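For reference, the structure is listed below as C-alpha cells.
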Amino acid sequence: MGIDLLGDDGMVNLNSEFVSRIMAFTRGETDLENLQAWVSDWAPELAGSDQPEIRAIHGRFWRMLGEYGRDDRSIESFRHDLIQSSTPSIGAGRAS
2 MGIDLLGDDG MVNLNSEFVS RIMAFTRGET DLENLQAWVS DWAPELAGSD QPEIRAIHGR
62 FWRMLGEYGR DDRSIESFRH DLIQSSTPSI GAGRAS
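In terms of my numbering, the sequence shown is residues 2 to 97.
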C-alpha cells in the first residue's frame with residue numbers, strides 16, 4: 002500500500018523508499034542534510050501514511066532532529082536511536 006513515486010531506479014513505494022533512506026543514513030551512506038531534505042519534501046505523505054509504523058518513524062525523526070538542532074543529541078546518537086526505534090518495522094519488512 003502507499004504512494005508510488007519515481008525513484009533513481011524507476012517506480013518505488015514511498016514507504017519503502019523512506020525506510021531505505023533511513024537505513025542508508027544509519028549506515029553512514031548519506032548525511033543528515035540529504036535525509037532531512039528528502040523527508041521534508043515528502044512530509045505530508047509520510048505523516049499520512051496508511052502504515053502506523055511509518056508515521057511513528059516519521060514523528061521520531063522530526064523529534065530527534067529537533068534535539069540534534071538544540072545540541073541535545075549527537076549525530077551518532079541520532080543514528081543509533083533512529084535505527085533502534087525503526088528496527089521492528091524495518092526488520093519485519095512491514096514498511097513497504
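C-beta: ideal position from N, C-alpha, C; glycine also. Every value quoted in this text rests on a predicted model; they were computed, and no experiment measured them.
Beta-carbon spacing of residue i, residue j below 8 Å
| i | j | result |
| --- | --- | --- |
| LEU83 | ARG61 | yes |
| ILE55 | PHE19 | yes |
| GLN52 | ASN16 | yes |
Cut-off 7 Å between Cβ atoms - residues of its own chain near residue i, not counting five sequence neighbours on either side
| i | result |
| --- | --- |
| LEU36 | ARG22 and PHE26 |
| ARG74 | MET65 and GLU68 |
| SER87 | ILE23 and ILE58 |
Whole-angstrom distance between residue j and residue i, CA atom to CA atom
| i | j | result |
| --- | --- | --- |
| GLN85 | MET24 | 11 Å |
| SER78 | GLU34 | 16 Å |
| ASP42 | ARG71 | 22 Å |
Exposed unless 16 or more other CB atoms sit within 10 angstroms - verdict on residue i
| i | result |
| --- | --- |
| GLU30 | exposed |
| HIS59 | buried |
Bridge partner(s) assigned by DSSP for residue i
| i | result |
| --- | --- |
| VAL20 | Its beta-bridge partners do not exist; DSSP assigns none. |
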